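Positions 1 to 76 (the numbering used here) are the ones given, in order, by the sequence shown. Note that the Cβ used here is the ideal one computed from N, Cα and C, for glycine as well. Since we're looking at a predicted model, the values are computed, not measured. One structure is given here, and the rest of the page talks about it.
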Amino acid sequence: MTIAQTAVSARWNTPTAKDGGLAVLYGNFAENGCIVKTAGVDDSILKFTGPAKVYESQDDAVEAILGGKLSRAMWW
1 MTIAQTAVSA
11 RWNTPTAKDG
21 GLAVLYGNFA
31 ENGCIVKTAG
41 VDDSILKFTG
51 PAKVYESQDD
61 AVEAILGGKL
71 SRAMWW
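Here is the structure:
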(Lines of atoms letter the chains of each structure in order from A and count residues from 1; the text may use other names and numbers.)
(Lines give C-alpha, C1' and ligand atoms only; values in the text may rest on other atoms or scores of the structure.)
Protein backbone atom coordinates (compact mmCIF):
# COMPACT_ATOMS: atom_id res chain seq x y z
CA MET A 1 0.00 0.00 0.00
CA THR A 2 1.26 3.46 -0.90
CA ILE A 3 0.12 6.56 0.95
CA ALA A 4 -0.15 9.39 -1.55
CA GLN A 5 -0.59 12.18 0.97
CA THR A 6 0.61 12.12 4.56
CA ALA A 7 -0.58 15.55 5.73
CA VAL A 8 -3.84 15.61 7.66
CA SER A 9 -4.63 19.21 6.80
CA ALA A 10 -3.35 21.67 4.24
CA ARG A 11 -1.38 24.80 5.02
CA TRP A 12 -3.17 28.12 4.64
CA ASN A 13 -0.95 29.13 1.71
CA THR A 14 -1.33 25.80 -0.15
CA PRO A 15 -5.00 24.80 0.17
CA THR A 16 -6.22 21.53 -1.31
CA ALA A 17 -9.07 23.38 -3.03
CA LYS A 18 -9.61 26.95 -4.19
CA ASP A 19 -12.96 27.12 -2.39
CA GLY A 20 -14.01 26.17 1.13
CA GLY A 21 -15.89 23.03 2.12
CA LEU A 22 -19.26 24.80 2.35
CA ALA A 23 -21.43 26.60 -0.19
CA VAL A 24 -24.56 28.74 0.03
CA LEU A 25 -27.26 27.79 -2.47
CA TYR A 26 -30.25 29.84 -3.53
CA GLY A 27 -33.17 28.81 -5.68
CA ASN A 28 -36.88 28.17 -5.80
CA PHE A 29 -36.75 25.73 -2.88
CA ALA A 30 -34.26 27.74 -0.81
CA GLU A 31 -35.22 31.36 -1.46
CA ASN A 32 -33.42 32.49 1.71
CA GLY A 33 -30.49 30.20 0.98
CA CYS A 34 -29.21 26.97 2.43
CA ILE A 35 -25.78 25.61 3.35
CA VAL A 36 -24.37 22.48 1.72
CA LYS A 37 -21.14 20.62 2.34
CA THR A 38 -19.08 20.51 -0.86
CA ALA A 39 -15.98 18.70 0.39
CA GLY A 40 -15.33 15.55 -1.58
CA VAL A 41 -18.09 16.28 -4.10
CA ASP A 42 -17.24 16.18 -7.79
CA ASP A 43 -17.77 19.55 -9.53
CA SER A 44 -20.00 17.89 -12.15
CA ILE A 45 -22.82 17.40 -9.63
CA LEU A 46 -22.76 20.86 -8.04
CA LYS A 47 -25.41 22.15 -10.48
CA PHE A 48 -28.87 20.61 -10.52
CA THR A 49 -31.94 21.42 -12.56
CA GLY A 50 -35.15 19.61 -11.77
CA PRO A 51 -37.66 18.99 -9.00
CA ALA A 52 -36.43 18.98 -5.40
CA LYS A 53 -37.55 16.99 -2.39
CA VAL A 54 -36.88 18.96 0.79
CA TYR A 55 -36.39 17.43 4.25
CA GLU A 56 -36.02 19.15 7.61
CA SER A 57 -33.01 17.07 8.63
CA GLN A 58 -30.37 14.70 7.30
CA ASP A 59 -31.96 11.91 9.33
CA ASP A 60 -35.30 12.45 7.56
CA ALA A 61 -33.61 12.40 4.15
CA VAL A 62 -31.63 9.23 4.93
CA GLU A 63 -34.78 7.55 6.24
CA ALA A 64 -36.62 8.38 3.01
CA ILE A 65 -33.80 7.06 0.82
CA LEU A 66 -33.15 3.88 2.80
CA GLY A 67 -36.86 3.32 3.42
CA GLY A 68 -37.63 3.20 -0.29
CA LYS A 69 -39.74 6.38 -0.24
CA LEU A 70 -37.77 7.80 -3.19
CA SER A 71 -37.30 6.17 -6.55
CA ARG A 72 -33.75 6.00 -7.88
CA ALA A 73 -34.77 8.41 -10.66
CA MET A 74 -35.46 11.05 -7.99
CA TRP A 75 -31.95 11.05 -6.53
CA TRP A 76 -29.61 9.67 -9.16
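Item, Value
"Where in the segment 48-72 do unbroken runs of the alpha helix (DSSP H), each at least 4 residues long, occur, reported from the N-terminal end onward?", "58-66"
"Based on Cα-Cα distance, which residue from Q58, I35, L25 and G21 lies nearest to T49?", "L25"
"Identify which residue in Q58, N28 and E31 has its Cα closest to the Cα of K37.", "Q58"
"Ignore the nearest five residues each way along the sequence and tell me which others in K79's own chain have a CB closer than 7 Å to its CB.", "Nothing about residue 79 can be read from this structure; the chain reaches only from 1 to 76."
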